[in-house]
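First comes the structure, then the notes that go with it.
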Ligand code: 1HN
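In this note's numbering, the protein residues as written are 9 to 351.
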């Protein structure tokens with residue numbers, strides 16, 4: 009292609025630009041790449057290191073003043089974005105004895121995965137649930153929620169929200185409750201009794217896109233995982249893996265965030281696997297290693313690891329290793345984008 013042709017094209021692009029027009033052919037390959045571009049990097053937050061900072065945050069601000077006292081787990085390659093993956097936000101929230109994180113609601117959905125402490129509750133849409141390490145708790149879109157620590161230990165949990173997804177659609181709202189604590193209208197345990205026992209209220213209908221079970225207690229999850237280890241060899245790519253389910257329709261528990269938990273029995277190494285959803289893992293119990301590319305992350309209880317989408321990884325369990333996992337898989341599946349590769 010000669011200079012004259014090039015100059016004519018450039019001049020054409022500039023004239024077109026005055027009409028808010030642009031040529032597709034200069035951009036097509038980057039608009040529609042052959043495969044996913046890596047967004048963010050694989051990273052581990054070792055709990056031994058970050059716990060000090062989470063605890064120190066209480067010396068600097070109260071839960072009330074902060075509204076939510078959280079240290080954001082920000083992907084080191086996405087600084088300033090508050091993103092752990094390109095579609096998810098995550099952070100470690102601290103609630104000290106006697107504190108209340110005041111009630112509010114927003115269109116972003118949240119999940120909590122409880123890390124340490126006892127005696128704190130979260131109240132969601134009129135029902136309180138006690139938070140125990142290993143519990144998975146859902147705060148659906150636009151539900152009033154507040155948290156309170158009635159115990160005598162600091163309470164720490166992992167928050168994961170669909171903030172970047174919601175931001176993409178720019179269709180979000182938030183509202184502060186007039187009182188710090190929203191009204192409690194149902195007894196504690198009501199949702200689990202009605203919907204979480206393999207039973208359902210006859211004739212029950214709902215408009216919610218979320219599971220009506222909003223706390224999946226770890227005691228039950230753990231029992232299920234260990235039962236699986238006795239029922240045959242672990243899956244070569246996933247180990248003994250389960251997904252949190254909406255008992256009304258068998259789908260994922262939340263509309264925008266997929267949640268799963270797995271147990272890798274001592275000595276097991278998984279085969280390489282990749283999928284288009286960037287993942288957030290938290291170690292519930294045990295030790296091991298996660299390998300991604302040339303990187304090897306040692307895994308210890310409460311460590312958080314993120315792996316960008318379409319990066320293959322393997323996990324090795326030193327002793328029985330339990331990992332909770334969150335990603336945007338459910339949203340990708342609904343939109344027809346999800347792909348996975350077992351290698
Ligand atoms: C939020 O409402 C919570 O309710 C936690 O605990 C983290 C991050 C951004 C926006 C809202 C919570 C949040 C949040």
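Virtual Cβ for every residue (Gly too), placed ideally from N, Cα, C.
Only a predicted model underlies this, so the values are computations on that prediction, with no experimental measurement involved.
- Item | Beta-ladder partner(s) of residue 120, from DSSP | Residue 120 sits at position 112 when you count from the first residue of the chain shown. DSSP, once it has assigned bridges, lists 145, 167 as partnering residue 120.
- What runs of the beta strand (DSSP E), each 3 residues or longer, lie entirely inside the stretch 209-279? 248-251, 266-272
- Query: Hey, is residue 147 close to the ligand 1HN, as in C-beta under 7 Å from one of its heavy atoms?
  - Reply: One-based indexing of the chain shown puts residue 147 at position 139. Yes.
- Query: Is the beta carbon of residue 112 within less than 7 Å of some heavy atom of the ligand 1HN?
  - Reply: As a working mapping, residue 112 is identified with position 104 in the chain shown. It does: the Cβ of residue 112 is within 7 Å (strictly closer) of some heavy atom of the ligand 1HN.
- Query: Using the beta-carbon count (16 or more within 10 Å), is residue 50 buried or exposed?
  - Reply: For this step, residue 50 is matched to residue 42 along the chain shown. With 16 or more other Cβ atoms inside 10 Å of its own Cβ, residue 50 counts as buried.
- To the nearest whole angstrom, what separates the beta carbons of residue 250 and residue 232, a pair I think is in contact under 8 Å? As a first step, residue 250 must be located in the chain shown, where it is residue number 242. As a first step, residue 232 must be located in the chain shown, where it is residue number 224. Rounded, the Cβ-Cβ distance is 6 Å, consistent with contact.
- Locate the beta strand (DSSP E) running through residue 67, then write down its first and last residues. Stepping through the chain shown from its first residue, residue 67 is reached at position 59. It is not in any beta strand (DSSP E) - residue 67 instead sits in the alpha helix (DSSP H) that spans 55-68.
- Out of 313, 265, 48, 167, which has the shortest C-alpha to C-alpha gap to residue 98? What you label residue 98 is simply residue 90 of the chain shown in a count that begins at 1. Selected option, being the one with the closest Cα: 167.
- Query: Under the three-state reduction of DSSP, which class applies to residue 42: helix, strand or coil?
  - Reply: By 1-based counting over the chain shown, the position of residue 42 is 34. In the structure shown, residue 42 sits in coil (DSSP, three-state: anything other than H, G, I, E or B).
- Message: Looking at the strands, I want to know which residues DSSP matches up with residue 351.
- Response: One-based indexing of the chain shown puts residue 351 at position 343. Answer by DSSP bridge pairing: none, since residue 351 is not bridged.
- Message: If you reduce the DSSP assignment to three classes, tell me which class residue 110 lands in.
- Response: To locate residue 110, count along the chain shown from 1; it is residue 102. Strand, per DSSP.
- Alpha carbon to alpha carbon, what distance is there between residue 279 and residue 41? Indexing the chain shown from 1 puts residue 41 at position 33. Indexing the chain shown from 1 puts residue 279 at position 271. Residue 41 and residue 279: Cα-Cα distance of roughly 27 Å.
- Item | Range of the contiguous beta strand (DSSP E) that encloses residue 293 | Within the chain shown, the letter at position 285 stands for residue 293. Its beta strand (DSSP E) spans residues 287-293.
- Query: So, are the CB atoms of residue 319 and residue 46 less than 8 Å apart?
  - Reply: Sequence index remark: in the chain shown, residue 319 carries index 311 (1-based). Sequence index remark: in the chain shown, residue 46 carries index 38 (1-based). Yes, they are a contact pair.
- Residue nearest to residue 82 in terms of C-alpha spacing, selected from 332, 321, 288: Within the chain shown, the letter at position 74 stands for residue 82. Cα-wise, what sits closest to residue 82 is 288.
- Item | Sequence-distant residues of the same chain with beta carbon closer than 8 Å to residue 340, five excluded per side | For the purposes of this step, residue 340 is taken as residue 332 along the chain shown, with counting starting at 1. Closer than 8 Å at the Cβ level, and outside the excluded window around residue 340, lie 284, 285, 346.
- Query: Between which two residues does the alpha helix (DSSP H) carrying residue 202 extend?
  - Reply: As a first step, residue 202 is located in the chain shown; it is residue number 194 there, counting from the start. Taken as a continuous stretch (DSSP letters only), the alpha helix (DSSP H) holding residue 202 covers 198-203.
- Query: To which residues of the same chain is residue 54 closer than 6 Å at the C-beta, ignoring the five residues directly before and after it?
  - Reply: In the chain shown, residue 54 corresponds to position 46, counting from 1. Sequence-distant partners of residue 54 (beyond 5 residues in either direction) whose C-beta falls short of 6 Å from its own C-beta, in its chain, are 311.
- Task: With a 10 Å radius around its C-beta and 16 neighbouring C-beta atoms as the bar for buried, classify residue 16 as buried or exposed.
- Result: Position 8 of the chain shown holds residue 16. A residue is called buried once 16 or more other Cβ atoms fall within 10 Å of its Cβ, and residue 16, having fewer, is exposed.
- Query: Roughly how many whole angstroms lie between the Cα atoms of residue 265 and residue 147?
  - Reply: In the chain shown, residue 265 corresponds to position 257, counting from 1. In the chain shown, residue 147 corresponds to position 139, counting from 1. Residue 265 and residue 147: Cα-Cα distance of roughly 11 Å.
- Item | N-terminal and C-terminal residue of the beta strand (DSSP E) that residue 307 is part of | Translated into positions along the chain shown, residue 307 becomes position 299. Element bounds for residue 307: 303-307.
- Report the rounded CA-to-CA distance for residue 123 versus residue 292, giving the unit in angstroms. Locating residue 123 in the chain shown gives position 115, where the first residue counts as 1. Locating residue 292 in the chain shown gives position 284, where the first residue counts as 1. Cα to Cα, residue 123 sits roughly 8 Å from residue 292.
- Message: Is the separation between the beta-carbon of residue 327 and that of residue 301 shorter than 8 Å?
- Response: The residue you call residue 327 lines up with position 319 of the chain shown. The residue you call residue 301 lines up with position 293 of the chain shown. Contact flag unset, no.
- Query: Quick one, are the C-beta atoms of residue 155 and residue 130 less than 8 Å apart?
  - Reply: Reading the chain shown from its first residue, position 147 is the one you call residue 155. Reading the chain shown from its first residue, position 122 is the one you call residue 130. Closer than 8 Å, so yes.
- Task: With a cut-off of 8 Å on the beta carbons, I'd call residue 162 and residue 79 a contact; round off their distance for me.
- Result: For the purposes of this step, residue 162 is identified with residue 154 of the chain shown, where counting begins at 1. For the purposes of this step, residue 79 is identified with residue 71 of the chain shown, where counting begins at 1. Incorrect: roughly 13 Å between the Cβ atoms, too far for contact.
- Message: Please report the straight-line C-alpha distance between residue 277 and residue 323, rounded to a whole angstrom.
- Response: Position 269 of the chain shown, counting from 1, holds the residue named residue 277. Position 315 of the chain shown, counting from 1, holds the residue named residue 323. So the two alpha carbons sit approximately 6 Å from each other.
- Query: Less than 7 Å between the CB of residue 285 and some heavy atom of the ligand 1HN, yes or no?
  - Reply: Numbered from 1 along the chain shown, position 277 holds the residue referred to as residue 285. It does not: the Cβ of residue 285 is nowhere closer than 7 Å to a heavy atom of the ligand 1HN.
- Item | When 181, 331, 39, 192 are compared against residue 356, the one with the closest alpha-carbon | No answer is possible for residue 356: the residues shown for the chain start at 9 and end at 351.
- Task: May I ask you to verify whether the stretch 103-123 touches the stretch 175-194, counting CB pairs closer than 8 Å and requiring at least 3?
- Result: yes
- Message: Quick check: does the Cβ of residue 288 come within less than 7 Å of any heavy atom belonging to the ligand 1HN?
- Response: Numbered from 1 along the chain shown, position 280 holds the residue referred to as residue 288. Not under cutoff, so the answer is no.
- Nearest to residue 206 by alpha carbon, out of 194, 195, 221? Counting from 1 along the chain shown, the entry for residue 206 is found at position 198. Cα-wise, what sits closest to residue 206 is 221.
- Query: Within 7 Å: the Cβ of residue 230 and any heavy atom of the ligand 1HN?
  - Reply: If you number the chain shown from 1, residue 230 lands on position 222. Every heavy atom of the ligand 1HN is 7 Å or more from the Cβ of residue 230, so no.
- Query: Shortest alpha-carbon distance to residue 351 belongs to which of 281, 28, 26?
  - Reply: To locate residue 351, count along the chain shown from 1; it is residue 343. Ranked by Cα distance from residue 351, the first of 281, 28, 26 is 281.
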